[in-house]
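The sequence shown maps to residues 111 to 221 in the numbering used here. Below is one structure, written out as structure tokens; the observations come after it.
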Amino acid sequence: MIPGGGQPNMQELLQQAQKMQQDLARAQEELAATEVDGQAGGGLVKATVNGSGELRGLVIDPKAVDPEDTETLADLVVAAVQAANENAQQLQQEKLGPLAQGLGGMPGLPF
């Protein structure tokens, strides 16, 4: 039950929204600074992305390089980057999921 005739306290709602916005910004900064890895070919190709999904590094073991078969190497690179991005999305869910759920209860916000 909300005191005061059922009307929410606008000042309180605004403060709550500001705090959530600050928490969201902080979580996004943490994501951008956090790196996660993905690999393919049993570790022959390793990709590193930040929590936002931006490719930050790529390591290719010389054993994966066959001048006669660059298609397999390309497939390994794609698979490693995809694996790293999946890990980044999981990290995003862990960091941002609770914040988005909290915003869902606030009227007028598209969550």
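Cβ coordinates follow ideal geometry from the N, Cα and C atoms, glycine included.
Unbroken beta strand (DSSP E) run spanning D171, endpoints: Unbroken run through D171: none, as it is neither H nor E.
Delimiting residues of the beta strand (DSSP E) encompassing E145: E145 to A150
CB-CB length for V187 against V146, believed under 8 Å: With 8 Å as the limit, V187 and V146 do not qualify as a contact, their Cβ atoms being about 17 Å apart.
Exposed unless 16 or more other CB atoms sit within 10 angstroms - verdict on L201: buried
Check whether G148 and A193 have beta carbons under 8 Å apart: yes
Touch test, the region 173–188 against the region 123–137, Cβ-Cβ under 8 Å, three pairs minimum: no
Three-state secondary structure (DSSP) of M111: The predicted model places M111 with a pLDDT of 45, which falls under 50 and marks its position as unreliable, so this point remains unresolved.
N195 beta carbon less than 8 Å from that of P163: Going by the sequence as given, residue 163 is Gly instead of Pro. Yes. Within cutoff.
Inter-residue Cα distance where the pair is T180 and A190: 15 Å
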